[in-house]
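*Asks:* Structure provided below as C-alpha cells; questions to follow.
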Amino acid sequence: MSGSVQFSECPPSLKSIAHYLKTASEHDSRDIIVAYWSRLYALQLGLKLSSQKPEETKLFLELMDWLEKTKKENSGNESITNEVAGQAYLENYALKLFLYADKQDREGNFGKNVVKAFYTAGMIYDVLLTFGELTDEVQQNRKYAKWKAAYIHNCLKNGETPIPGPMATGEENEEEEGTEDASNDASQGPQSPTMGFVQPPSVPINPDTGAIDITSPEQLPDPPKEPEKPPGGFQAYIPTGSEESELYQPPQGDVTLTPDQITKAQKYCKWAGSALNYDDISTAIDNLQKALRLLKTGQDA
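Right, here's the structure in full:
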C-alpha cells in the first residue's frame with residue numbers, strides 16, 4: 017500500500033516541507049520506518065506553517081490517513097509504534113549515511129551519490145526534531161551534512177574540485193544557502209537510475225567486504241571500528257581511561273533522580289539495545305555509559 021499511494025502536490029505555501037515528503041517517498045519501498053517518521057515530521061511542521069488554504073488541508077488529511085493506516089499495518093514494528101525505538105532507529109540510519117558520505121568525501125570520491133548521502137542524512141537529522149531537542153553531536157552532524165551537500169554540489173556545478181574533509185570555520189554558513197540546489201541536483205539521482213535514491217560507487221567501502229548497496233537499509237555501511245579523523249563538529253565518542261574512571265566513579269552520596277531523569281536513563285538503555293541490533297557496539301557502549309552516569313551522579317552526559 018505504502019509504495020503505491022499518491023499524494024496531492026505540495027502547495028507553494030508549504031514549500032519547506034516538500035523536502036521531507038520527497039525523502040519519505042524515496043523510502044516508501046526501501047524503509048517504511050524512515051518514510052513514516054519523515055511524513056509525520058512534514059505533517060507536524062506543515063500544520064504549524066499552515067494558512068488554512070483548501071489545498072493545504074487536503075494534503076494534511078491525506079498524510080493523516082496514510083500515517084494511521086501505516087501504523088496499523090505495522091503494529092508489530094516497534095520502531096514505528098514506539099517513539100524511543102523510532103528515534104534510535106533514525107539516529108543509527110542517519111549516522112550510517114553520514115559516515116558513508118564522509119568516508120567517500122575524504123577519499124576524494126565526489127559525485128551526486130555523495131551529495132545525496134550527505135543531503136539525506138541532513139534531512140533525517142531534521143526529522144529527529146519530532147522527538148524533541150537534538151543532542152549537540154546530532155546538531156553538529158546535521159549542520160556539517162547539509163553544508164557538505166551544498167559545498168560539493170556547488171563545486172561540481174562550477175567545475176571545481178571539492179576539498180575533502182572539513183573547511184575553515186565560517187565557510188559552512190557561506191555554503192548552506194546552496195542546500196536547496198543540492199537537493200534538486202541530488203533528487204535527479206545517480207547516473208544509473210535507482211528510483212531517486214543513492215547508489216554507492218563501484219569502489220567498495222571495505223576492500224574485503226565488496227561493494228555495499230546503500231539503497232538497501234540492511235546494507236548501509238556500518239560505522240568503522242576505528243573512526244577516522246572526524247569532520248568539523250563531528251566527534252565519534254571513544255572514552256579515554258580517565259573518562260571511564262570518571263564515568264564509573266561512585267557518587268559521593270545518594271542521588272535522588274527526577275521522573276524525567278529516570279525516563280532519560282531508560283531511553284539511553286533503549287537506544288543501546290537498538291544500536292546492538294545493528295552491531296553498532298560503540299554507540300551501544302556510549303549510551304550505556306551515559307545511562308550509568310545519569311543514574312549514579314544525576315548528571316546527563
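Numbered by my numbering, the letters in the sequence shown go through residues 17 to 317 in order.
Virtual Cβ for every residue (Gly too), placed ideally from N, Cα, C.
What would DSSP say about V142, mapped onto helix, strand or coil?
*Replies:* Reading the sequence as shown, one finds Asp at residue 142 and not Val. In this structure, D142 counts as helix in the three-state DSSP scheme.
*Asks:* Please return the same chain residues whose Cβ sits closer than 7 Å to the Cβ of F147, not counting the five positions on each side in sequence.
*Replies:* E99, Q103
*Asks:* Name the two residues that bound the continuous alpha helix (DSSP H) containing N14.
*Replies:* Since the displayed the chain opens at 17 and closes at 317, residue 14 lies outside it and no answer follows.
*Asks:* Which runs of the alpha helix (DSSP H) spanning at least 4 residues fall entirely within the region 21–80, listed in chain order?
*Replies:* You should have 34–43, 48–65.
*Asks:* Kindly indicate which three-state DSSP category S91 falls into: helix, strand or coil?
*Replies:* coil
*Asks:* Smallest Cα separation from Q60: which of S45, K69, L79?
*Replies:* L79
*Asks:* Thinking C-beta only, is P180 closer than 8 Å to R122?
*Replies:* In contact: R122 and P180 (Cβ atoms closer than 8 Å).
*Asks:* Quick one: is E149 buried, meaning 16 or more other Cβ sit within 10 Å of its Cβ, or exposed?
*Replies:* With fewer than 16 other CB atoms across the displayed protein chains lying within 10 angstroms of its CB, E149 is exposed.
*Asks:* Please report how far the alpha carbon of Q276 lies from the alpha carbon of L304, in whole angstroms.
*Replies:* Looking at the sequence shown, residue 276 is not Gln but Asp. Distance between the alpha carbons of D276 and L304: 17 Å.
*Asks:* Three-state secondary structure (DSSP) at Q215?
*Replies:* Confidence at Q215 is low in this model, with a pLDDT of 34, below 50, so the placement of that residue is unreliable and no value is reported for it.
*Asks:* Count the other C-beta atoms from every protein chain shown that fall within 10 angstroms of the C-beta of P70, then say buried if there are 16 or more, exposed otherwise.
*Replies:* Residue environment: P70 is assigned as exposed (fewer than 16 neighbouring CB atoms within 10 Å of its CB, all protein chains considered).
*Asks:* According to DSSP, is Q156 helix, strand or coil?
*Replies:* helix
*Asks:* Between W53, A165, K85, which lies nearest to F114 when the distance is taken from Cα to Cα?
*Replies:* A165
*Asks:* Could you tell me the alpha carbon to alpha carbon distance between V50 and K306, rounded to whole angstroms?
*Replies:* 26 Å
*Asks:* With DSSP collapsed to three states, give me the class of L273.
*Replies:* When secondary structure is reduced to three states using DSSP, L273 falls in the coil class, being assigned neither helix nor strand.
*Asks:* Are the beta-carbon atoms belonging to Y36 and Y52 less than 8 Å from one another?
*Replies:* In this structure, Y52 does not lie closer than 8 Å to Y36 by Cβ.
*Asks:* Going by Cα to Cα distance, which pick from E176, K173, E42, T136 is closest to Y160?
*Replies:* T136
*Asks:* When you compare the CB positions of A133 and A110, do they come within less than 8 Å of one another, or not?
*Replies:* Between A133 and A110, the gap from beta carbon to beta carbon reaches 8 Å or more.
*Asks:* Spatial neighbours of W82 within its chain, please: C-beta separation below 8 Å, excluding the five flanking residues on both sides.
*Replies:* S18, V21, F23, R55
*Asks:* Who are the near neighbours of S67 in its chain, counting only those whose CB is closer than 8 Å to its CB and skipping five residues on each side?
*Replies:* S29
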